[in-house]
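In the UniProt record's numbering, the protein residues as written are 1 to 263. To start, the structure itself, in structure tokens.
Next comes the structure, spelled out in structure tokens:
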């Protein structure tokens, strides 16, 4: 398995327009996440990365929403997503949309999001599925050098494995956009029929994955120690602690046992 740590600095896109069919991908992600925003409750929601900052979140009960990215006009806070300027256990919902593919250390990005999430907080991740029609573009030499095919795609199974190790509970693992995303995605009836057919019978081959996870923290139950009353001190009887009278009696007993008896 290829290590998650990148050996060069990835080129993070500044907006969805920098990706092929970026607007189509953005709208598909918003449609998949639309039913979930009403289920999240809390006080603070953060969007990590420039692409996450542009995701629209309608009908969400969390009013305070903050966008954090390295440099983006849409973001409220300028910072690195792998070193968040936030306190531990201070965020209710965290959105990571297509950030792991363009991160130098994606595993550390997930750990940082786990750090700022409160217990029972929600983590939403989206990304390109390598086992899909879009992932096949990485096998073509003339597309392998273009964005985003030149970056590292992580399978949903691997992402869920990271989340399980951190104690997350996977609530949803969805796929969308059964297309190669290399050419322009049309909206004709034939294309829509294919997407509907593939979503029903080939759900695992969706080019974009959407994972919703909940942070679980088991409370520590203190165990009372079982106190036992120690028995009193009893000195061990050794020859050095015997009295002179006891030593004399022991010698007589030994001499009597060694003396042959007369018949």
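Just so it is clear, CB atoms sit at the ideal spot from N, CA and C, and this is done for glycine as well.
query	result
Selected residue, minimal CA-CA separation from residue 82, among 207, 3, 105 and 42	105
Helix, strand or coil at residue 171 according to DSSP, with G and I counted as helix	strand
Given 8 Å, three or more beta-carbon pairs between the segment 43–57 and the segment 133–148	no
C-alpha distance - residue 57 paired with residue 34, whole-angstrom precision	7 Å
One or two residues paired with residue 128 in a DSSP bridge	208
Bridge partner(s) assigned by DSSP for residue 213	123 and 170
Per-residue DSSP class, three states only, for residue 116	helix
Residues that residue 71 bridges to, as DSSP identifies them	Answer is none; residue 71 lacks a bridge partner.
Same chain, Cβ closer than 6 Å to residue 181, neighbours up to 5 away in sequence not counted	20, 21, 134 and 207
Start-to-end residues for the alpha helix (DSSP H) that takes in residue 26	22–37
Closest residue to residue 107 among 77, 165, 27 and 79 (Cα-Cα distance)	165
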